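Residue numbers (this note's numbering): 169 to 381.
Beta carbons are placed, not taken as given, at the ideal position from N, Cα and C, and that holds for glycine.
In this text, all values refer to a predicted model and were calculated from it rather than measured experimentally.
Shown next, in structure tokens, is the structure this report addresses.
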Amino acid sequence: MRAGASWKARRAELRGRGRMDQLTLGGFEPSPERLRHRLFFALLPDAATRARIEAVTLQSLSRVPGGGRRVRPHRYHLTLRWLGDHPDAHAHVLDMATHAARGVRLAPFDLDLDLRGAFPSARVCWLGCRQAPAALPALRVRLDQGLLGGPVRLKGGTALVPHVTVLRDCIDPWPEGALESPVPWRVERFVLLRSDLDGGHAYEEVAAWPLQG
169 MRAGASWKAR
179 RAELRGRGRM
189 DQLTLGGFEP
199 SPERLRHRLF
209 FALLPDAATR
219 ARIEAVTLQS
229 LSRVPGGGRR
239 VRPHRYHLTL
249 RWLGDHPDAH
259 AHVLDMATHA
269 ARGVRLAPFD
279 LDLDLRGAFP
289 SARVCWLGCR
299 QAPAALPALR
309 VRLDQGLLGG
319 PVRLKGGTAL
329 VPHVTVLRDC
339 IDPWPEGALE
349 SPVPWRVERF
359 VLLRSDLDGG
369 HAYEEVAAWP
379 LQG
């Protein structure tokens, strides 16, 4: 999805919802807005990279004890910056995210998923990078610079741990170890994703921006 005319229509729709949410009956205060959507910047692998991630996941499952619920390939992503949970009326956050994304000037880059590991407390297993390319944290820094002073509160001290979650509800999380068959990934764009908290956390690609130096 391009951040063009459809983007303006989406902002108008969200602003309209916000006005409707603010309508009240005489003598009654408006109820607190319920959080409905999660927004975050991410990298999405292309079809060939998704297929390789899935193949390496299956290979790891056959060699490493434990197991869990496999993430479907179309849901693979690498989170760059979490923007929080929001009600329907979050056009101001979308505007700020768009402003930040348009300010990014960075050439496409390569990264290798060459490590498997887990977050035991979250019961997820992932594929990640033993050493991330310098361009990856640089991309997040540029996004953060564009978000400063806006409605999104950035959490300080949260280091970027690049990973793609491939298993959830893990019974016995994978021990960390190098992959025998690393997954090369050419990164040429980044996206803004929205997750519907009321609908099974389905992901929607709100907008995408190409990387260009």
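Cα-Cα separation, residue i to residue j
i	j	result
Trp342	Gly285	6 Å
Thr333	Arg231	18 Å
Arg220	Arg249	24 Å
Val167	Ala265	Given a span of 169 to 381 for the chain in the structure shown, any question on residue 167 remains unanswerable.
Leu262	Pro233	42 Å
Glu241	Pro352	This sequence places Pro at residue 241; Glu is not what is there. Pro241 and Pro352: Cα-Cα distance of roughly 16 Å.
Arg329	Arg218	Residue identity differs from the one stated: residue 329 is Val in this sequence, not Arg. Distance between the alpha carbons of Val329 and Arg218: 19 Å.
Arg362	Gln380	24 Å
Val309	Ala269	11 Å
Ala375	Leu360	5 Å
Asp214	Pro255	30 Å
Cys297	His260	34 Å
Leu212	Glu222	14 Å
Pro305	Asp364	27 Å
Ala327	Pro276	22 Å
Pro378	Leu307	12 Å
Selected residue, minimal CA-CA separation from residue i, among the options
i	options	result
Leu316	Leu251, Thr247 and Phe277	Leu251
Arg336	Pro288, Gly296 and Leu347	Pro288
Leu385	Ala269, Ala275 and Leu295	Past the edges of the chain, shown from 169 to 381, lies residue 385, and the structure says nothing about it.
Ala290	Glu222, His260, Leu283 and Arg237	Arg237
Val292	Ala223, Glu344, Pro350 and Ala303	Glu344
Tyr371	Val355, His267 and Val239	Val239
Leu226	Phe358, Pro378 and Ser349	Ser349
Leu313	His267, Cys297, Tyr244 and Leu304	Residue identity check: residue 313 is Gln in the sequence provided, not Leu. Minimum Cα distance to Gln313 is reached at His267.
Glu356	Asp364, Ala303 and Arg243	Ala303
Glu373	Asp340, Phe277, Tyr244 and Leu307	Tyr244
Ala216	Gly235, Leu307, Gln299 and Arg354	Arg354
Asp340	Trp377, Ala327, Ser228 and Gly235	Gly235
Leu229	Ala327, Phe277, Cys338 and Ala306	Cys338
Which residues DSSP lists as bridging residue i, in chain order
i	result
Cys293	Ala286 and Leu335
Ser363	Arg206 and Tyr371
Leu211	Leu246
Gly241	In the sequence as displayed, the identity of residue 241 is Pro instead of Gly. Answer is none; Pro241 lacks a bridge partner.
Pro352	Asp280
Local conformation of residue i per DSSP, three classes
i	result
Gly314	helix
Asp280	strand
Ala302	coil
Glu344	coil
Arg357	strand
Leu251	strand
Ala376	strand
Leu328	coil
Leu274	coil
Cβ-Cβ separation, residue j to residue i (assumed contact under 8 Å), whole Å
i	j	result
Leu311	Phe209	6 Å
Leu246	Leu347	Going by Cβ atoms, the distance from Leu246 to Leu347 rounds to 15 Å, so no, they are not a contact pair.
Asp253	His205	7 Å
Leu274	Pro301	Going by Cβ atoms, the distance from Leu274 to Pro301 rounds to 11 Å, so no, they are not a contact pair.
Closer than 8 Å to chain C by CB, residue i
i	result
Phe287	Here there is only one protein chain, and chain C is not present.
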